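Participant:
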Amino acid sequence: MKRIVVTGKNGQLASELRIILKKEENFECFFLGRNEFPLEETKILHDVLGMYQPDIIIHTAAYTAVDQAEEELDAVNTINHLASEQIAEYCTLHNVKLIYISTDYVFDGTSEVPLTENIKTHPINAYGHSKHRGEIAVRHFAPRAIILRTSWVYSSFGNNFVKTMLHLMEEKKKLQVVADQWGLPTYARDLAQAISIILKADKWMPGIYHYANRGEGITWFDFASAIRDITKKEVQILPITTEEFVRPANRPKYSVLDSSKIQKTFNFEIPSWQKSLEEMLTLLKTTN
Ligand SMILES: NC(=O)c1ccc[n+]([C@@H]2O[C@H](COP(=O)([O-])OP(=O)(O)OC[C@H]3O[C@@H](n4cnc5c(N)ncnc54)[C@H](OP(=O)(O)O)[C@@H]3O)[C@@H](O)[C@H]2O)c1
């Protein structure tokens, strides 16, 4: 029986992991939230982890409020960088395997081709910097860790773009959505499934991997349009530019992740973003 600690228990990804890992008889999982495992209290993290004696840690918890992060530089650095450093150090000291969840926001968005794992990182906002520093700390303190970079995460749990759009589509006849930022959505349930495959693989294969749903890169406008088309909402969606939708934090213009490496290494196929979006929307409809 493997003991697995999952941080960020109420987050989108951890909530999906709870569903996926429940099906596995060989895993005993402990989901830790803010109360049990407050990341800003970096000095107590080793002691808390010691109480659970994990074989594996899946570190999903993070300060994820991208705009607010611009105003809270110390908090975002402590939570995303310094706490990750502590967790990584614990893992090496106690021979624990670590999966650190990272982000497409470690890139600056200047690439014109899908981003492979060896493309140079260069974050352009405070959140991206903090997650990037977290990655560097993890690579330094736990060189055998797996770093999983993902993008545009959504789920039936928590708050995300899909749920915000559904809400706005109920209220408005017209919506303006940014049409010059390119990426790929990730259904957190699919990512949780991929993590389960990694955990069950014969061999632990450390390194950086990218994971987003399969497809050509799309814009937020395309994503919103697909949500409208699937749900048959009567709303007009108008494309706007990044400059027209001013936000505190810079966003990468292009952060389409190339997920070939994870598929080849662990021998599985990632579902298309369209199929997964339909699946999540069907689930939302049947549970609401
Ligand atoms: N969401 C995205 O679009 C996206 C894109 C790329 C990468 N990622 C990365 O993917 C991972 C999972 O994302 P997600 O969407 O599941 O995130 P999420 O839904 O925002 O959940 C993050 C979790 O972290 C917890 N947390 C925040 N500050 C904490 C603190 N100081 N101490 C302890 N726990 C704290 C939150 O607790 P509360 O519930 O108590 O607030 C929350 O449960 C994160 O590492 C994120 O950086 C996300």
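Plus 1377 on top of the position in the sequence shown (first one is 1) and you've got this note's numbering. Virtual Cβ for every residue (Gly too), placed ideally from N, Cα, C. Computed from a prediction, not measured in an experiment: that's the story for all the values here.
Do Val1382 and Ile1456 have their C-beta atoms within less than 7 Å of each other?
Facilitator: no
Participant: By Cβ distance below 6 Å, which residues in the same chain neighbour Arg1510 in space, the five residues on each side in sequence not counted?
Facilitator: His1458, listed in sequence order.
Participant: Quick one: what's got a C-beta closer than 6 Å to Ala1556's C-beta in the same chain, skipping five residues either side?
Facilitator: Setting aside the 5 residues that flank it on each side, Ala1556 is surrounded in the same chain by Thr1596, Phe1598, Pro1616, each with a C-beta closer than 6 Å to its C-beta; the list follows chain order.
Participant: Looking at Pro1629: is its Cβ nearer than 7 Å to the Cβ of Gly1486?
Facilitator: yes
Participant: Smallest Cα separation from Thr1608: which of Ala1503, Tyr1482, Lys1662, Gly1385?
Facilitator: With distances taken between Cα atoms, Thr1608 lies closest to Lys1662.
Participant: For a test of the three-state rule: what should DSSP assign to Tyr1440, helix, strand or coil?
Facilitator: coil
Participant: Is Gly1511 near ligand 1, judged by its Cβ being under 6 Å from some heavy atom?
Facilitator: no
Participant: Using beta-carbon positions only, say whether Arg1395 and Asp1432 come within less than 7 Å of one another.
Facilitator: no
Participant: What residue ranges within the segment 1446 to 1527 form continuous alpha helix (DSSP H) runs of no fewer than 4 residues, ordered along the chain?
Facilitator: 1450 to 1454, 1460 to 1470, 1503 to 1518
Participant: Going by C-alpha distance, which of Leu1398, Val1473, Asp1444 is nearest Leu1426?
Facilitator: Val1473
Participant: Would you decide whether Trp1581 is buried or exposed? Buried here means 16 or more other CB atoms lie within 10 Å of its CB.
Facilitator: exposed
Participant: Roughly how many angstroms separate the alpha carbons of Ile1575 and Ser1532, rounded to a whole number?
Facilitator: Note on geometry: alpha-carbon atoms of Ile1575 and Ser1532 lie some 20 Å from one another.
Participant: Please confirm whether Tyr1588 and Leu1561 have their CB atoms less than 7 Å apart.
Facilitator: no
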